[in-house]
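Notes to accompany the following structure.
Number of protein chains: 2
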Amino acid sequence: MKNTWRIGVAGLGTVGGGLVKFLTERPHFAPAGGTAVITAVSARDRSRQRDFDISGYEWFDDPVALASSPDVDIFVELIGGSEGPAKAAVETALRLGKPVVTANKALIAVHGRELAELAESVGAPLLFEAAVMGGTPAVKMLREAMVGDEVDAVAGILNGTCNYILTEMEQGSRPFAQVLAEAQRLGYAEADPTTDVGGFDAAHKISILAALAFGCAPHYAAAEVEGVDQVELLDIKLAGDLGYRIRLVASATRSADGVSVRVHPALAPIGHPLAETRGALNALFIEGRRIGRIFIQGPGAGSGPTAAAVAADISDVMTGARRPVFQAPAQSLQPFAKIDAAHNVGKAYLRLLVRDQPGVIAAVSETLAEVGVSIDSFLQKPVEDAGGVPIVLTTHATPEAAVLEAARRIAALPAVLAPPKMLRIARV
Amino acid sequence: MKNTWRIGVAGLGTVGGGLVKFLTERPHFAPAGGTAVITAVSARDRSRQRDFDISGYEWFDDPVALASSPDVDIFVELIGGSEGPAKAAVETALRLGKPVVTANKALIAVHGRELAELAESVGAPLLFEAAVMGGTPAVKMLREAMVGDEVDAVAGILNGTCNYILTEMEQGSRPFAQVLAEAQRLGYAEADPTTDVGGFDAAHKISILAALAFGCAPHYAAAEVEGVDQVELLDIKLAGDLGYRIRLVASATRSADGVSVRVHPALAPIGHPLAETRGALNALFIEGRRIGRIFIQGPGAGSGPTAAAVAADISDVMTGARRPVFQAPAQSLQPFAKIDAAHNVGKAYLRLLVRDQPGVIAAVSETLAEVGVSIDSFLQKPVEDAGGVPIVLTTHATPEAAVLEAARRIAALPAVLAPPKMLRIARV
């Protein structure tokens, strides 16, 4: 075993800065027997003001040059993005047989299989605990602790920004745009929030977890993605009246027909751990055939937690462990067969805006019955300035295609003022 | 790396049987590249009726002989007990340089440091994921995922039998003895339930977690242990009236003064994850300085989950990872300095039985004030056949010594019919 592992860190943002601080505070970080020390760093702007000192490290303008430096034993990629310098630098390090630790969910979700194959061909670890749930070890749980089981489903809250926004909307009765602007001001949301609020970040993460859980290749393109940007305050309030909270739920399920990977707002019953996961917290259920149901909850982002996850991966590299990047050897990983979302069976929430006139409810009920959708609960509530009467109903478990067809038919009814808003109810 | 790892299993009870079934169903169990196959087994009674086939394995009457067999590469110890054949066999395997996987919490809690030193001196892994929380990977989380952090506290529900009993008492309004008898009939509790209901099993487990969390030697003798056998149905009901549920909480906390490892019944607020952990589930909070608070919940026992944890450890052995058994090298592990429990500060619940006469409450309040204990909530409730009036109060956070002194003084008041019952309120 090596005694000293020289770490090269590319990317000195929130996570990179956290890692520099951590290893500065613990210069003898040696959980596996050797010592890890940062020797080289790279970032976009050398002269940028930072609250940590990088003068003791070799500086590289080019992360690819850092990755190939002979003075770097472990390459830590904290640049981000599925293409460009992050990918080039990771590939360079792996081709040289160097262990790579990354927090880059997009890179692993999109190119995970080919990178794993490269890593395994040279016998170098490729670790990415920090890519999912920050400091909460979801990757390690699925990759290592669940190998003695078959996992059939993982589902949870994987984007802290979206959960913060939904919680704030719910608790402060403020609309999406207002809460988003505030989150941006507080640094909880990016200037361009699309990756987070569009659900794409959560989709990257659940794609990685699906691969680990089911032994298939990450298959980001197959994920069905909706974000929180279309969640209306009115639905949060009406869902609350029905005993639910709205959360952005990322899920991956496996059946005999294939795999379904989805991200969408969903209603979780108040009291359920997903509904009780508030603010920037993340949460995950793992369902294994032998182990049963495991729930894990913790901070999903932030400098400290994410840097701690990177440090744990560095420690894992130092143990010399040899295992497949994704639980099964990369060459055997195939993209999964995608299940048509229309076949998914679940409960749904439908919100209509109707004219205040007799016979409307009868017409809606008949339309639902025509396509075989049965009603579980029904709520009509006067709302000021709504320009009509909002009606909310939840259905019993139904194929999604039937609910969507019902929504189309209801939209065409003369007394219905706007296309129904459909939200799924989380399987819990 | 080896291609085939020959597994010797000593102990064919619930967990051993689960492991045999698992590896029979997955004959090519090879998550780390090699294949694991059982070649030899040992148990007390060869001819005992079993629902799995052991005719294909070499039989050993003596687990020590199994451990030393040249046809065994990994020794799996599922006998149990801190002394006797389990310890002898584990020592034998380690002395021969063989990796050991065990589910034996008593062995690790009592002899963990010396066994770790032996294992590290010969370079053989000693893994015990199944010893704590069954299939829920608490050990891996603390040993591997938290190395990039400093953990200051772990607390949770670590004994499924006790939690089952408390939940049943609560939901069925039945007394301890009745629920215990039923649990024994259903196989949820042992014929001799002392280890579980006395809190000793949970104390073994929290001793192991404390060692992993704080980088000290397991120090079982320093744990303060109370079980659930003294929990009365009346307290469950009264705690419920005050908004709490009673759980057996195992906790380990670290401060500048030392470490406190405790197991005792405690009140958790309804809605809190510990209060919402029902039946045989286990749950654990981990508090790290950087990562923050992680919560994990899952099945804590049972054949499938625990065997899956053993299989995951076998897989870890097959990766060739070299790391200290307890996060820091065994030679550096010292038993922790124990904090005097009387210095612990927390809220408490006191239940009194008093005569129905004027001035009693004043006398109790004055006594509490004398020792500096202030009251948070107060409940007086008529209870039939109680032989007096039960009064329940909860205190603000107070050093435990003060609460105990208050209880002593209250017991001496003329109008108080029985010594007060004191329960701690969980720090949440």
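Protein sequence lines, in the order shown, are assigned to chains A and B. If you count by the UniProt record's numbering, then the first sequence holds residues 1 to 428, one letter each, in order. If you count by the UniProt record's numbering, then the second sequence holds residues 1 to 428, one letter each, in order. Ideal Cβ positions, reconstructed from N, Cα and C, are used throughout, including at glycine.
Cutoff 8 Å; reference residue i; Cβ partners in own chain excluding five residues on either side
i      : result
A401/A : A342 and H343
Y244/B : L267, A268, P269, I270, A275, Y349 and I425
D428/A : The amino acid at residue 428/A is misidentified as Asp; the sequence shows Val. A268, P269, H272 and L274.
G240/B : E170 and I270
G97/A  : V122, G123 and A124
S315/B : F29, P31, A32 and A36
K2/A   : G34, D73 and M318
S69/A  : G8, A40, E58 and F60
Sub-8 Å separation of residue i and residue j beta-carbons
i      : j      : result
V147/B : A311/A : yes
V263/A : A203/A : yes
R48/B  : G304/A : no
P335/B : A217/B : yes
F52/A  : T92/A  : no
V101/A : L94/A  : no
A321/A : A221/B : no
G387/B : L333/B : no
A10/B  : A89/B  : yes
D356/A : V392/A : no
D201/A : K105/A : yes
L212/B : R278/B : no
A328/A : G215/A : yes
A103/B : F128/B : yes
T398/B : V325/B : no
L404/A : V364/A : no
Supposed contact pair residue j and residue i - C-beta distance, whole angstroms, cut 8 Å
i      : j      : result
L242/A : I157/A : Actually they do not touch by this definition, with Cβ atoms about 20 Å apart.
V41/A  : L12/A  : 6 Å
G292/A : G298/B : 7 Å
V373/B : R409/B : Their Cβ separation, rounded to whole angstroms, is 10 Å, which puts V373/B and R409/B out of contact at 8 Å.
A337/A : S251/A : Not really, about 17 Å apart at Cβ, beyond 8 Å.
A415/A : T367/A : In fact, because the Cβ distance is near 11 Å, the residues do not count as touching under 8 Å.
M318/A : A32/A  : 4 Å
I339/B : G258/B : 5 Å
A130/B : V15/B  : 7 Å
R44/A  : A153/A : Wrong, their Cβ atoms sit about 40 Å apart, outside the cutoff.
P175/A : L233/A : 5 Å
P265/B : V225/B : So it is not a contact: roughly 11 Å between Cβ atoms.
Sequence-distant residues of its chain with Cβ nearer than 6 Å to residue i (five each side left out)
i      : result
D73/B  : W5 and R6
A138/A : V132 and L284
G300/A : M133, G134, G160 and N282
P419/A : A411
D229/B : V197
S55/A  : none
F378/B : L393
V20/B  : F52
F295/B : P273 and F285
E287/A : D152, A153 and R293
Q380/A : I391
Within-8 Å CB hit, residue i to chain C
i     : result
E77/B : Within the model displayed, chain C is absent; protein chains A and B are what it includes.
Same chain only: Cβ atoms within 7 Å of residue i, ignoring 5 sequence neighbours per side
i      : result
D376/B : K347, T394, T395 and H396
D235/A : I246, R351, K421 and L423
D196/A : N159, T161, C162, A189 and E190
R50/B  : L12 and G17
G302/A : G134
Residue i - containing alpha helix (DSSP H), residue span
i      : result
Q171/A : G160 to G172
R408/B : E400 to A411
H264/A : Premise fails: H264/A lies in the beta strand (DSSP E), G258 to P269, not in any alpha helix (DSSP H).
K421/A : No alpha helix (DSSP H) holds K421/A; the beta strand (DSSP E) holding it covers V416 to I425.
G84/A  : G84 to R95
P305/A : S303 to M318
S68/B  : P63 to S68
F176/A : F176 to L186
N-terminal and C-terminal residue of the beta strand (DSSP E) that residue i is part of
i      : result
L379/B : I375 to Q380
D241/A : No beta strand (DSSP E) holds D241/A; the alpha helix (DSSP H) holding it covers L233 to D241.
G298/A : G292 to P299
S251/B : Y244 to S255
Closer than 7 Å: residue i CB and nearest the ligand GTP heavy atom
i     : result
T39/A : With respect to the ligand GTP, the structure offers nothing, as it holds no ligand at all.
### Message
For the structure I just gave you, are there three or more beta carbon pairs, one from the stretch 152 to 170 of chain B and one from the stretch 347 to 365 of chain B, closer than 8 Å?
### Response
Verdict: no, contact absent.
### Task
Give a yes or no on contact between the stretch 194 to 209 of chain A and the stretch 108 to 117 of chain A, applying the rule of three or more CB pairs nearer than 8 Å.
Yes: the two stretches touch, three or more of their Cβ pairs being nearer than 8 Å.
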